[in-house]
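Asker:
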Amino acid sequence: KGKAFFVDVREPKELVNDGRIPGAVNIPLNDVGAALGMSPEKFKEKYGREKPSPDDPNVIFSCRKGVRATSAMQTAHSKGYHAARFYRGSFCDWEERGGEVIKG
């Protein structure tokens, strides 16, 4: 229910080289904890999106294959985002299933 808030935790150069899922916000894995600790205003200023609320069930982390996304989800849980999930298979699965990919 509701719209997914995709967070791609790969490094920016990976998104440029491999592409990205449309609408995903890029927050590299090492920045996830700090990003979720930001004020809503600071988050929007830095990432150009409204910060999701901790009880939002639609926060989904992705990476290339799911390993970093799992780590990001655990970080989110430790920051009070207990409903956050990860996309198993992440970008590779998305691409294999024919999902739209934005290049560049």
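In terms of the UniProt record's numbering, the sequence shown opens at residue 1 and continues consecutively. Ideal placement from N, C-alpha and C gives every residue a C-beta, glycine not left out.
1. What distance in whole Å lies between the Cβ atoms of G80 and V16, which are believed to be in contact at a cut-off of 8 Å?
2. Whole angstroms is fine: what's the gap from M73's alpha carbon to R85's?
3. According to DSSP, which residues form a beta bridge with F43?
4. Since S62 sits in a beta bridge, which residues does DSSP pair it with?
5. Do you know how far the Cα of D93 is from the Cα of N30?
6. From the DSSP output, in three-state form, read off V25 for me.
7. Let me know the secondary structure DSSP gives R85 once reduced to three states.
Answerer: Reading from the atomic positions:
1. That pair is no contact at about 32 Å.
2. 6 Å
3. According to DSSP, F43 bridges with nothing at all.
4. D8
5. 23 Å
6. strand
7. strand
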